[in-house]
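In my numbering, the protein residues as written are 3 to 502.
All residues carry an ideal CB built from backbone N, CA and C; glycine is no exception.
These notes are about the structure you will find just below.
Below you can see the structure in the form of structure tokens.
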């Protein structure tokens with residue numbers, strides 16, 4: 003892939019101008035971007051089904067993945083606070099196709115993930131209007147899902163970086179933190195009134211998971227559950243003082259995510275028996291069950307609205323982040339001109355349109371064809387593997403940059419010298435490789451899979467993942483034209499904004 007543009011290229015109108023990105027993001031805004039990206043109430047029922055061992059899994063993956071990602075992202079973002087986040091960091095270590103593959107993995111993973119988020123929004127909104135049965139109505143789901151996704155896309159079209167992160171901050175507070183606080187308070191009241199604890203008393207036996215194939219497959223999915231701690235890195239250019247603020251924001255975000263996840267999941271598990279937890283209905287049914295027990299069913303409406311706001315905040319965070327990450331690749335001529343098109347606030351409008359169209363197709367297919375569900379979840383598993391590859395590049399780049407560019411000043415440096423580097427980077431890479439290998443295995447759901455079927459599934463999944471990762475760079479290299487490169491004026495204006 004090319005690394006510098008030619009003056010022969012033509013500039014697109016909006017992106018030729020100097021961007022007014024207004025660097026005003028502080029520690030709290032950066033922390034809330036990551037909290038909005040990672041913390042999700044949708045995961046609580048799934049984790050509650052694990053009983054007391056949920057604490058083991060939360061702590062294990064916080065130590066082995068969440069904290070390493072936060073520490074590494076803090077060092078890389080404070081040392082190389084450039085546009086593109088993870089793309090820019092990996093490019094420092096792997097200036098060839100490695101950086102493009104990294105951001106491609108992040109972006110394509112989101113295209114399939116987006117419909118699952120907006121479907122949760124539509125189902126939650128049905129409870130807010132006291133019509134939960136609409137969650138099974140295909141027309142309602144299609145209209146609300148498309149309206150939600152395009153609404154968030156259009157919001158980011160006209161918003162500044164500041165207003166976009168304000169949505170993440172406010173939406174996370176009202177849509178995630180307050181609902182979690184409500185459910186935790188209800189749990190305390192529930193126990194104080196002498197109601198039964200559905201989890202029972204914690205013991206050594208029930209706090210440790212049973213290690214069978216189903217459990218191992220479940221554990222692999224937790225990597226994706228904690229994905230997103232690098233999200234604030236995409237906003238390096240809009241930050242007041244990235245070298246000072248990023249490390250602090252990373253630690254705040256990691257603490258909030260881990261503590262709130264454990265408390266929220268415990269609340270679900272204490273009140274709702276594991277056998278009665280509904281994965282399909284989600285967290286809103288859990289709230290309804292708790293409100294009914296306390297004769298405050300009317301609270302389901304405001305709480306559902308708050309959760310819906312939280313979903314929009316999370317969606318907005320993921321809509322903008324990887325889209326911003328693709329822009330530097332477009333500015334070096336690796337992508338068609340539409341991918342570098344931005345508005346006067348520096349928002350990547352070209353990428354936003356492309357991803358909205360593709361995700362809308364996935365959303366419609368998900369609803370219109372009932373039989374697509376199984377294939378859709380296979381595709382979701384596939385993109386989870388692709389996301390894991392992205393994080394492998396992140397940690398590999400961190401280790402390589404420590405070895406090849408040791409003299410570069412690092413405002414925040416992961417402590418421990420070489421030992422700390424290998425410990426944190428090594429633990430994360432081992433975790434990711436484990437998740438990748440186990441993630442290739444089929445989810446049996448109790449069904450018997452023969453050896454031949456398992457081998458066929460694993461091989462097919464591996465081939466598909468490699469094709470998605472490797473084919474796009476190869477195809478784009480073949481299709482690449484000189485006109486994809488921006489003009490010298492446009493490129494210099496972009497570099498000036500990036501501090502180069």
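Assuming the contact rule is C-beta atoms closer than 8 Å, residue i and residue j should be a hit. Round their C-beta distance to whole Å, please.
i: residue 318; j: residue 130; result: About 19 Å; that fails the 8 Å criterion.
i: residue 38; j: residue 469; result: With a Cβ gap of about 32 Å, residue 38 and residue 469 do not count as contacting.
i: residue 233; j: residue 35; result: 6 Å
i: residue 484; j: residue 333; result: Incorrect: roughly 15 Å between the Cβ atoms, too far for contact.
i: residue 486; j: residue 335; result: 5 Å
i: residue 88; j: residue 235; result: 6 Å
i: residue 276; j: residue 51; result: 5 Å
i: residue 102; j: residue 331; result: 5 Å
i: residue 245; j: residue 80; result: 4 Å
i: residue 329; j: residue 86; result: 7 Å
i: residue 391; j: residue 477; result: 18 Å between Cβ atoms; not a contact.
i: residue 121; j: residue 147; result: 6 Å
i: residue 186; j: residue 397; result: The Cβ separation is near 33 Å, so there is no contact.
i: residue 324; j: residue 190; result: So it is not a contact: roughly 39 Å between Cβ atoms.
Going by C-alpha to C-alpha distance, which of the options sits closest to residue i?
i: residue 350; options: 156, 193 and 39; result: 156
i: residue 1; options: 303, 95 and 290; result: This structure gives no information on residue 1, because the portion of the chain shown stretches from 3 to 502.
i: residue 247; options: 455, 118, 220 and 414; result: 414
i: residue 110; options: 480, 358 and 441; result: 358
i: residue 176; options: 346, 206, 276 and 312; result: 312
i: residue 419; options: 184, 361 and 77; result: 77
i: residue 161; options: 348, 395 and 405; result: 348
i: residue 125; options: 341, 277, 440 and 285; result: 285
i: residue 123; options: 260, 360 and 144; result: 144
i: residue 273; options: 40, 245, 288 and 301; result: 288
i: residue 389; options: 438, 277 and 91; result: 438
i: residue 220; options: 104, 146 and 45; result: 45
i: residue 412; options: 366, 83 and 428; result: 83
i: residue 459; options: 408, 440 and 473; result: 440
i: residue 339; options: 356, 324 and 74; result: 356
i: residue 363; options: 65, 113, 108 and 66; result: 113
i: residue 405; options: 386, 32 and 427; result: 427
i: residue 291; options: 47, 71, 264 and 494; result: 47
i: residue 53; options: 194, 201, 421 and 249; result: 201
i: residue 321; options: 115, 42, 93 and 30; result: 115
i: residue 304; options: 417, 128, 395 and 137; result: 128
i: residue 32; options: 258, 119 and 66; result: 258
In the structure shown, what three-state DSSP assignment does residue i receive?
i: residue 167; result: helix
i: residue 374; result: The predicted position of residue 374 is uncertain, since its pLDDT is 47 and thus under 50; a value taken from the coordinates is nonetheless stated next. Correct three-state label for residue 374: helix.
i: residue 18; result: With a pLDDT of only 38 at residue 18, under the threshold of 50, the placement of this residue in the model should not be trusted, and no figure is reported.
i: residue 334; result: coil
i: residue 27; result: strand
i: residue 162; result: coil
i: residue 113; result: helix
> When the Cβ atoms of the region 56-63 are set against those of the region 243-254, are three or more pairs found closer than 8 Å?
Replying inline: no
> What are the start and end residues of each continuous beta strand (DSSP E) run of 3 or more residues lying completely inside the region 388-463, in chain order?
Replying inline: none
> Hey, is the region 295-309 in contact with the region 141-155, meaning 3+ C-beta pairs nearer than 8 Å?
Replying inline: no
>> Three or more C-beta pairs under 8 Å: does that hold for the region 293-304 against the region 203-223?
In response: By the C-beta criterion, the region 293-304 is judged not to be in contact with the region 203-223, since fewer than 3 inter-stretch pairs fall below 8 Å.
> Where are the alpha helix (DSSP H) runs, 4 residues long or more, that stay fully inside the region 165-232, in chain order?
Replying inline: Under the rule that a run must span 4 or more residues, the alpha helix (DSSP H) segments found entirely inside the region 165-232 read 180-194, 206-209 and 215-227.
> What are the start and end residues of each continuous alpha helix (DSSP H) run of 4 or more residues lying completely inside the region 47-71, in chain order?
Replying inline: 55-63
> Residue ranges of each alpha helix (DSSP H) run of no fewer than 4 residues wholly in the region 263-343, ordered along the chain?
Replying inline: 285-295 and 302-333
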